[in-house]
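Let me begin by presenting the structure, written as structure tokens, before commenting on it.
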Amino acid sequence: MTAPATHSAAPAARRLPLPGFVDGTLLTLVAAAVILWFAPSGMGRYGTYVLSLWLVMSVAVMGLNLTLGYAGLKSLAQAAFMGIGAYATALLTSKVGLNWYASFAVSGLITFAVGLVLGFPALRVKAHYLAFVTLAFSTLIWLVLRNEQWLTGGVFGLSNIPRPSFFGLKLDGALAFHRFVVVVTFLLAVVLWWMIRSPWGRAFTALRENPIRAASLGIDTRMYTLLAFAIGSAYAGFAGALYAPLVEFIDPSPFSLSQSFFLLLMVVAGGAGYLLGPFIGALLGVVLPEWLRFAGSLYLIIFAGIVMLLLIACPQGMSGLLERGWAKLTGKKEGAR
Amino acid sequence: MTEVLEVSNLHKAFGGIKAVNGVSFKVNEGEILGIIGPNGCGKSTLFNCILGQLEPTEGAVKLDGRDVTNMRPSELNKLGVSRTFQLLQVFPELSVRENLILAGQEHEGTMLSRFFGARDAGLSAKAEQMIGFFKLGHLADAKAGGLSYGQQKLLDAAMAFMAGPRLVLLDEPAGGVNLTMLGDLKERLRAINAEHGATFVVIEHNMDFVMSLCSRVIVLAEGKVLAEGTPAEVRANPAVIEAYLGH
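Spelled out as structure tokens, the structure:
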């Protein structure tokens with residue numbers, strides 16, 4: 009075969025004196041982290057808490073975005089995995105006396121392992137059948153959290169969950185803990201960014217778009233299916249490990265099936281299969297209802313209306329809408345994600 | 180000559196329907212074998228059984244003398260067996276270049292090196308070469324889903340060759356492709372066959388394409404081998420004319 013002329017388009021980032029791996033998404037993540045570090049100034053405790061909660065939910069949505077948005081596996085158990093992570097961290101830090109960092113790692117490992125096991129049905133069943141398997145798992149976890157009072161405190165929950173410290177620096181205050189959440193979320197987002205732009209990300213996308221063709225190209229679809237489930241679940245576990253010290257009290261209600269549906273809504277509304285989609289989705293799910301509080305009891309109706317209009321106008325969610333807008337503005341065709 | 184592929188007494192039944200009914204044949208290294216037959220005669224089912232996408236009811240498939248019956252498609256691909264599909268099977272959301280890199284990446288390194296290593300798995304140069312070879316240069320960064328049918332067919336074929344396979348099964352590569360692109364495709368398949376000694380098995384309805392490309396042709400009818408021979412022998416076979424080619 010004769011070597012052809014190359015036609016590689018130089019990415020915009022190459023114009024700047026930056027390492028070759030730096031792209032627009034990474035720069036956006038860095039800029040967002042810097043802004044969020046300073047954002048709570050003048051917001052007060054509640055405003056800071058809402059910002060932190062947005063980031064924590066973004067971590068859980070990032071995991072579901074990997075499982076659903078990239079790998080195309082429909083899961084309704086993300087809140088259950090978040091619950092496993094939250095309870096594991098709460099128990100390990102408040103009852104066992106383990107430090108938060110070790111508890112965070114253990115929460116991730118437990119949810120990774122459970123996600124791996126739950127991934128096995130995904131090898132046999134697809135689409136809504138898989139969704140029902142995960143729905144059953146979600147219900148099972150919620151029942152365990154509610155009924156096994158000796159371990160989880162039942163409906164009374166677990167309280168006095170300590171916040172971590174950082175090299176002796178106490179993170180008990182809302183602002184200090186918020187900044188800690190910003191750093192952890194940023195690191196987790198960078199890991200996912202790296203994964204998605206690596207050959208793994210390409211394989212996950214192939215799994216979503218055409219698993220039969222993917223297998224014919226040597227892609228081990230079993231391995232990638234299990235990994236997508238396990239890593240997506242581990243991110244929910246990490247989110248739970250951040251959530252427990254954020255709220256300092258947990259009970260089963262935030263980890264119910266309805267919360268899993270809400271996380272799914274955040275993935276879809278933010279833009280499934282877009283790396284920054286989870287942040288936009290979680291912004292809609294967590295912060296928008298706060299902005300709509302002026303509407304009193306009507307806020308949920310307005311919120312539902314906004315989401316319906318968005319999904320009718322752009323089924324690819326906010327990220328798809330922004331991509332379309334950017335493409336129109338620059339006169340370029342929408343590129344491959 | 181070395182036998183690359185050996186199919187022995189292969190059967191595949193769907194309930195009471197015998198889609199493949201005792202098919203046996205061998206493919207030698209460097210050969211281009213054509214499989215023709217009327218619609219519904221079991222050609223694609225035969226491919227799917229050989230490639231592990233369907234479980235044969237009976238029979239065996241050997242690759243280089245090794246039994247690979249029921250081996251998973253991904254494992255077969257790692258052994259150097261590649262394929263294209265009757266219907267378009269590119270990844271529409273990925274660019275042409277990304278489709279090609281994807282088609283070769285699992286043959287490079289390990290799972291860990293694919294995570295920590297280069298984004299292109301070291302395949303950019305090879306992808307560029309393939310893009311040029313299949314005349315897709317102006318479309319390298321376009322989404323595959325936005326390409327014309329013929330261009331997607333070329334991409335589909337290019338993907339099958341990214342990992343440097345030694346056996347490629349092409350399912351109706353000429354279907355829906357215009358005459359100019361068809362000429363390009365045939366020229367490229369011949370070049371790969373001549374330069375790299377790759378072995379092809381081609382299912383096709385386009386008789387001119389098959390007869391001018393293949394050195395040997397098998398005719399299937401109702402799941403069985405009806406005839407086998409050189410293109411000239413097959414063309415002259417009264418049973419083939421009666422069942423498939425027409426008068």
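Residue numbers (the numbering used here), protein chains in the order written: chain B, 9 to 345; chain D, 180 to 426.
Quick reminder that beta carbons are idealized off the backbone N, C-alpha and C, glycines included.
Treat the numbers as computed from the prediction; the structure is a model and nothing was measured.
Cα separation between residue i and residue j?
{"i": "Gly176 of chain B", "j": "Leu291 of chain B", "result": "32 Å"}
{"i": "His384 of chain D", "j": "Met231 of chain B", "result": "37 Å"}
{"i": "Gly105 of chain B", "j": "Arg154 of chain B", "result": "23 Å"}
{"i": "Gly194 of chain D", "j": "Ile310 of chain D", "result": "43 Å"}
{"i": "Ile220 of chain B", "j": "Leu26 of chain B", "result": "39 Å"}
{"i": "His136 of chain B", "j": "Ala85 of chain B", "result": "13 Å"}
{"i": "Gln331 of chain D", "j": "Leu279 of chain D", "result": "12 Å"}
{"i": "Ser303 of chain D", "j": "Asp320 of chain D", "result": "12 Å"}
{"i": "Leu300 of chain B", "j": "Val58 of chain B", "result": "14 Å"}
{"i": "Met250 of chain D", "j": "Leu364 of chain D", "result": "30 Å"}
{"i": "Ala18 of chain B", "j": "Leu318 of chain D", "result": "Any reading at Ala18 of chain B needs caution, since the residue's pLDDT is 39, under 50, leaving its predicted position unreliable; the model's value is listed next. Going from the Cα of Ala18 of chain B to the Cα of Leu318 of chain D covers about 15 Å."}
{"i": "Phe270 of chain D", "j": "Gly324 of chain D", "result": "7 Å"}
{"i": "Tyr307 of chain B", "j": "Leu273 of chain B", "result": "17 Å"}
{"i": "Ala297 of chain D", "j": "Ser206 of chain B", "result": "7 Å"}
{"i": "Gly402 of chain D", "j": "Ile215 of chain D", "result": "12 Å"}
{"i": "Glu138 of chain D", "j": "Gly301 of chain D", "result": "Because chain D spans 180 through 426 in this model, residue 138 of chain D falls outside it and cannot be assessed."}
{"i": "Leu346 of chain D", "j": "Phe294 of chain D", "result": "29 Å"}
{"i": "Val240 of chain D", "j": "Ile288 of chain B", "result": "51 Å"}
{"i": "Gly196 of chain B", "j": "Gly285 of chain B", "result": "Residue identity differs from the one stated: residue 196 of chain B is Leu in this sequence, not Gly. In a straight line, the C-alpha of Leu196 of chain B is about 15 Å away from that of Gly285 of chain B."}
{"i": "Asp259 of chain B", "j": "Gly328 of chain B", "result": "36 Å"}
{"i": "Glu374 of chain D", "j": "Thr36 of chain B", "result": "47 Å"}
{"i": "Arg216 of chain B", "j": "Ala321 of chain B", "result": "23 Å"}
{"i": "Pro217 of chain D", "j": "Gly123 of chain B", "result": "47 Å"}
{"i": "Ala223 of chain B", "j": "Leu265 of chain B", "result": "33 Å"}
{"i": "Lys197 of chain D", "j": "Leu225 of chain D", "result": "11 Å"}
Does the beta-carbon of residue i have 16 or more other beta-carbons within 10 angstroms, so that it is buried, or is it exposed?
{"i": "Gly77 of chain B", "result": "buried"}
{"i": "Ile43 of chain B", "result": "exposed"}
{"i": "Gly339 of chain B", "result": "exposed"}
{"i": "Gln284 of chain D", "result": "buried"}
{"i": "Ala13 of chain B", "result": "Reliability fails at Ala13 of chain B, whose pLDDT of 31 lies under 50, so the model's placement of it is uncertain and no value is given."}
{"i": "Asp335 of chain D", "result": "buried"}
{"i": "Lys336 of chain B", "result": "exposed"}
{"i": "Arg22 of chain B", "result": "In this predicted model, Arg22 of chain B has a pLDDT of only 48, less than 50, meaning its place in the structure is not dependable enough to derive any value."}
{"i": "Gln157 of chain B", "result": "exposed"}
{"i": "Leu188 of chain B", "result": "A small correction: the amino acid at residue 188 of chain B is Phe; Leu does not occupy that position in the sequence shown. Counting Cβ neighbours within 10 Å, Phe188 of chain B comes out buried, since at least 16 surround it."}
{"i": "Val192 of chain B", "result": "buried"}
{"i": "Thr10 of chain B", "result": "Reliability fails at Thr10 of chain B, whose pLDDT of 39 lies under 50, so the model's placement of it is uncertain and no value is given."}
{"i": "Leu315 of chain D", "result": "buried"}
{"i": "Asn218 of chain B", "result": "buried"}
{"i": "Asp387 of chain D", "result": "exposed"}
{"i": "Asn168 of chain B", "result": "exposed"}
{"i": "Ile229 of chain D", "result": "buried"}
{"i": "Ala20 of chain B", "result": "At Ala20 of chain B, the pLDDT of 43 sits below 50, so the modelled position is not reliable and the matter cannot be decided from this model."}
Quick one: which chain B residues come within Cβ less than 8 Å of residue i?
{"i": "Met338 of chain D", "result": "Leu225"}
{"i": "Lys257 of chain D", "result": "Gly226"}
Give the DSSP bridge partners of residue i, in chain order.
{"i": "Gly209 of chain D", "result": "Gly209 of chain D pairs with nothing; no bridge assigned."}
{"i": "Phe379 of chain D", "result": "D:Ile211, D:Val347"}
{"i": "Ala290 of chain B", "result": "DSSP output for Ala290 of chain B lists no bridge partner at all."}
{"i": "Phe212 of chain B", "result": "Its beta-bridge partners do not exist; DSSP assigns none."}
{"i": "Ala239 of chain D", "result": "D:Ser187"}
{"i": "Leu37 of chain B", "result": "Note: Leu37 of chain B sits in no beta bridge, so no partner."}
{"i": "Phe257 of chain B", "result": "B:Ser167"}
{"i": "Glu182 of chain D", "result": "D:Asn207"}
{"i": "Ser261 of chain D", "result": "D:Val347"}
{"i": "Ala192 of chain D", "result": "D:Lys197"}
Check the Cβ of residue i against every Cβ in chain D and list those closer than 7 Å, keeping chain order.
{"i": "Trp208 of chain B", "result": "Arg293, Phe294"}
{"i": "Glu217 of chain B", "result": "Phe270, Pro271, Glu272"}
Chain D partners of residue i, CB-CB under 9 Å?
{"i": "Thr229 of chain B", "result": "Arg251, Pro252, Ser253"}
{"i": "Met316 of chain B", "result": "Correct list: empty, because the minimum Cβ distance to chain D is about 25 Å."}
{"i": "Glu298 of chain B", "result": "What Glu298 of chain B touches in chain D: nothing, since even the nearest Cβ is about 34 Å away."}
{"i": "Arg332 of chain B", "result": "Within chain D, no residue comes near Arg332 of chain B; the closest Cβ sits about 14 Å away, beyond 9 Å."}
{"i": "Thr213 of chain B", "result": "Phe270, Glu272, Leu273, Glu277, Leu281"}
Starting from residue i, find everything on chain D with Cβ-Cβ shorter than 8 Å and list it in chain order.
{"i": "Ala236 of chain B", "result": "Simply none; closest approach about 13 Å."}
Name, please, each residue of chain B whose Cβ falls closer than 7 Å to the Cβ of residue i.
{"i": "His286 of chain D", "result": "Gly226"}
{"i": "Arg298 of chain D", "result": "Arg205, Ser206"}
If the cut is a Cβ gap below 9 Å, which residues of chain B does residue i touch?
{"i": "Phe264 of chain D", "result": "Ile220, Arg221, Ser224"}
{"i": "Ala342 of chain D", "result": "Leu225, Gly226"}
{"i": "Gln232 of chain D", "result": "Ile220, Ala223, Ser224"}
Fill in: Inside the stretch 263-325 of chain D only - alpha helix (DSSP H) runs reaching at least 4 residues
Within the stretch 263-325 of chain D, the complete alpha helix (DSSP H) segments at least 4 residues long are 275-284, 290-295, 303-312, listed from N- to C-terminus.
Practice prompt. Taking only runs that begin and end inside the stretch 69-95 of chain B, name each unbroken beta strand (DSSP E) of 3 or more residues, in chain order.
Written response: If we require 3 residues or more, the stretch 69-95 of chain B turns out to have no beta strand (DSSP E) run fully inside it.
Item to complete: Jot down the residue ranges of each uninterrupted beta strand (DSSP E) in the stretch 273-343 of chain B, minimum 3 residues, whole runs only, in chain order.
Response: Runs of the beta strand (DSSP E) spanning 3 or more residues and lying entirely within the stretch 273-343 of chain B do not occur at all.
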